[in-house]
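Below: the structure, in structure tokens.
In the numbering used here, the protein residues as written are 25 to 469.
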């Protein structure tokens, strides 16, 4: 059958080769060639849709679209018009840049941005010069954020408002601290304060996460072993017992029945577990469900005390930063209230804020709402006497942080062996129940 079509295929190939080498394809007409060259010359030019310029005559900054061969041509063209070029953004980078911004939005470290920007400001650069310098670091992971901040400044926004335009990166307390220090010119101090605050909070978060990794690993591995025993090992033991007249205890019968059920309905159970996991993940992604779970965990000893110390350390550190930045205490409490994990803590802060607005001292208001204990009240009273509440809250934050680290270490020393013994006992109980009929038979013999 194949040899029958070979002559036809050979003839078709010859015709295709002859068609390709025809004269019209070897030499283009003059009109076509000129049109092609004009099209090529046109496509060689790039459109720069975001060219920011400053016009000395009108003292205004404007953004326009310019089509030219390269950046140098854009600058030459605009200088001939009497304009000063501030920044140029080529069109080919906009899509990639927007995708990078979406991918990096969750990965941007606001503390690192504060460290880099604050360092340049302390070196003598203005805010716009510092952001312009950082925006030209093409290989930097935060370059898109710097460019968006710089564009915000060029449009006439202050730094705090430009930070608000970059959604999902800069927290509210940082924006508030910058806004409070813009009038006094202490932006570098605000950036340094937040950088220290972010580093301390990140170190605290890493300690909490690392402390939870080992228990989660033990529980996960133990559940996998239990599922393997129930789904694979026990059904095969049940096949051995099915053909015998051995007397089995009630727990062993239940265990074998569970093993049979898992073995026969394995795929259905797997689909159900996956669906349940998706539902739980979806509910946990919503703040209300996650908040209820955290509240439930926070009410269990010893996690309740850990949660209280963690919240107090975060809130006191933020209050210290905001009051040092120039905010009055009620406004600082309003900005720091969203940092509370539990709803009860937010209620305490709101109640304390209302009392402070009524004229009650900060130390007394926090004590009346049970947010602070006797130790914290005395520290705050000392700060009120010398007029340094920010220093008092900073000291409380450090104290609570050290207490939390100590409590984490002690809790893990207690929880880890309990978890190991629980998982080992569960696996051992399953194995003993599997072999119990054999032990009974050996005892009868």
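Using N, Cα and C, we set each Cβ at its ideal position, and we do this for glycine too.
These numbers come from a predicted model, not from an experiment.
Where the alpha helix (DSSP H) containing residue i begins and where it ends
i	result
residue 276	274–288
residue 375	367–381
residue 385	Where residue 385 is concerned, there is no enclosing alpha helix (DSSP H), given that its DSSP letter is neither H nor E.
residue 140	134–146
residue 409	398–410
residue 241	211–252
residue 361	Taken as a continuous stretch (DSSP letters only), residue 361 belongs to no alpha helix (DSSP H), as it is neither H nor E.
residue 174	167–178
residue 330	327–348
residue 97	95–104
residue 472	The shown model of the chain, from 25 to 469, leaves out residue 472, and the question about it has no answer.
residue 181	Note, residue 181: premise wrong, no alpha helix (DSSP H); not H, not E.
residue 153	151–159
residue 206	196–206
For residue j and residue i, the rounded distance between their alpha carbons
i	j	result
residue 245	residue 444	11 Å
residue 96	residue 162	19 Å
residue 419	residue 338	12 Å
residue 421	residue 277	57 Å
residue 228	residue 433	13 Å
residue 448	residue 425	34 Å
residue 409	residue 399	16 Å
residue 423	residue 252	46 Å
residue 292	residue 237	30 Å
residue 389	residue 344	17 Å
residue 92	residue 103	14 Å
residue 300	residue 288	20 Å
residue 274	residue 427	49 Å
residue 306	residue 180	41 Å
residue 351	residue 167	31 Å
residue 225	residue 247	33 Å
residue 441	residue 242	10 Å
residue 122	residue 188	Legend: pLDDT at residue 122 = 47, less than 50; position of this residue unreliable, value from coordinates given subsequently. Using only the alpha carbons, I get a separation of about 17 Å.
residue 148	residue 196	27 Å
residue 136	residue 438	36 Å
residue 363	residue 105	52 Å
residue 446	residue 453	10 Å
residue 100	residue 207	38 Å
residue 358	residue 327	26 Å
residue 356	residue 411	16 Å
residue 376	residue 332	17 Å
residue 403	residue 354	19 Å
residue 185	residue 298	44 Å
residue 200	residue 378	21 Å
residue 165	residue 209	28 Å
Cβ-based neighbour list, residue i, same chain, cut-off 6 Å, excluding 5 preceding and 5 following
i	result
residue 462	none
residue 261	458
residue 235	432 and 436
residue 263	none
Cutoff 7 Å; reference residue i; Cβ partners in own chain excluding five residues on either side
i	result
residue 211	145, 151, 183, 202 and 205
residue 405	387
residue 193	129, 132, 134 and 169
residue 231	429 and 432
residue 190	169, 172 and 173
residue 415	407
residue 283	254, 258, 259 and 262
Contacts around residue i, its chain only, beta-carbon distance under 8 Å, and the 5 residues preceding and following it disregarded
i	result
residue 384	392
residue 303	none
residue 38	Because the pLDDT of residue 38 is 44, which lies under 50, any placement of that residue in the model is unreliable, and the number read from its coordinates should be weighed accordingly. Excluding residues within five positions, none has a Cβ falling inside 8 Å.
residue 290	255
Supposed contact pair residue j and residue i - C-beta distance, whole angstroms, cut 8 Å
i	j	result
residue 286	residue 330	Not quite, the Cβ-Cβ distance comes to about 36 Å (not below 8 Å), so this is no contact.
residue 249	residue 451	6 Å
residue 361	residue 335	That belief does not hold up - the Cβ atoms of residue 361 and residue 335 are roughly 11 Å apart, past 8 Å.
residue 138	residue 215	4 Å
residue 279	residue 265	Actually they are not in contact, since the Cβ atoms of residue 279 and residue 265 sit about 11 Å apart, beyond 8 Å.
residue 413	residue 347	6 Å
message: Any contact between the segment 172–190 and the segment 153–162? By contact I mean 3 or more CB pairs, one from each, below 8 Å.
response: A contact exists between the segment 172–190 and the segment 153–162.
task: Evaluate the contact criterion for the segment 218–231 versus the segment 137–147: three or more CB pairs, one atom per stretch, below 8 Å.
output: yes
- request: Evaluate contact between the segment 357–373 and the segment 393–401, counting only Cβ atoms and requiring at least three cross-stretch pairs below 8 Å.
  value: Under the three-pair Cβ rule at 8 Å, the segment 357–373 counts as touching the segment 393–401.
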